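Read the structure below first, then the notes.
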Amino acid sequence: MKKKNVKIEKGFLFSKKNKVSVWASTHPYDDIPEAYFEENFSKNNTRATNTWSNNFKMRYFSPSKMETNGAHEGTINIKQAVGECSFSSSFIEVLMSKAKKKKLNEITWVILLFEYEYSAKISGIESDEYVTLVGAFDYDDDAESLIEVDDEYDSEIQENND
7 MKKKNVKIEK GFLFSKKNKV SVWASTHPYD DIPEAYFEEN FSKNNTRATN TWSNNFKMRY
67 FSPSKMETNG AHEGTINIKQ AVGECSFSSS FIEVLMSKAK KKKLNEITWV ILLFEYEYSA
127 KISGIESDEY VTLVGAFDYD DDAESLIEVD DEYDSEIQEN ND
């Protein structure tokens with residue numbers, strides 16, 4: 007018997023360890039209504055929904071596993087934007103290949119959702135009016151850093167850990 011993906015009444019559940027899902031936008035950040043990001047919380051404030059998650063038919067997401075980055079004006083290279091969010095290089099080559107195919111090398115902002123394997127095939131949604139799914143990728147937190155952390159920042163971390 008073929009296994010089916012079960013749709014929960016309020017959306018799909020895509021949680022999966024060692025995965026990261028990435029969405030990118032070329033839409034100016036300042037032109038996006040605040041309501042798009044406004045979160046409604048449940049389960050002791052560990053789960054949230056908003057217009058973005060509803061548009062992509064997600065049942066909920068964990069805000070603590072989300073990172074965003076972008077440019078207040080103009081665009082930023084997707085590799086730089088993602089690198090400043092994740093530091094891990096484990097998925098960047100595959101991400102860059104998909105970004106190039108989708109013409110998302112230069113973006114205005116990016117969303118990374120860790121421990122999440124979003125599937126446009128299952129949900130039927132790859133983009134909304136503001137963001138496009140770049141893809142879901144294998145993620146290794148112990149992989150080499152994607153960007154160089156400067157010595158001053160490194161020193162601050164060390165001092166805080168002492």
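When we follow the numbering used here, the leftmost residue of the sequence shown carries the number 7, and every step to the right adds one. The beta-carbon is built from N, C-alpha and C at its ideal position, and this holds for glycine as well. Nothing here was measured: the structure is a model prediction, and the numbers come from that model.
### Task
Going by DSSP, name the residue or residues bridged to F53.
Strictly speaking, residue 53 in this sequence is Arg, with Phe absent from that position. Answer is S48, bridged to R53.
### Task
Measure the CB-CB distance between Y122 and K16 and report whether it falls below 8 Å.
no
### Query
Short check: CB of F62 to CB of Y124, under 8 Å?
yes
### Task
Report back the beta-carbon spacing between W103 and A149 to the nearest angstrom; my notes put them in contact at under 8 Å.
Just to set this straight, residue 103 is Ser in the shown sequence, not Trp. Not a contact, Cβ separation roughly 17 Å.
### Message
Does G89 come out as helix, strand or coil in the three-state DSSP assignment?
### Response
helix
### Query
Out of A77, Y145, D36, V137, which has the shortest C-alpha to C-alpha gap to L101?
Y145
### Query
How is the beta strand (DSSP E) around V28 delimited, first residue to last?
21–31
### Query
What is the residue span of the beta strand (DSSP E) that S126 lies within?
The amino acid at residue 126 is misidentified as Ser; the sequence shows Ala. Element bounds for A126: not the beta strand (DSSP E) but the alpha helix (DSSP H), 126–129.
### Task
Starting from the Cα of E90, find the closest Cα among H78, N56, I153, N46 and give me that residue.
I153
### Query
Taking the alpha carbon of F47 as the point to measure from, which residue in F67, A30, W29 has its own alpha carbon closest?
F67
### Query
For D134, does the three-state DSSP call read helix, strand or coil?
Reduced to three states, the DSSP call for D134 is coil.
### Message
So M64 and I117 are supposed to be a Cβ contact under 8 Å. How far apart are they, rounded?
### Response
At roughly 12 Å, the Cβ-Cβ gap does not stay under 8 Å, so M64 and I117 are not in contact.
### Query
Who are the near neighbours of R53 in its chain, counting only those whose CB is closer than 6 Å to its CB and skipping five residues on each side?
Y66
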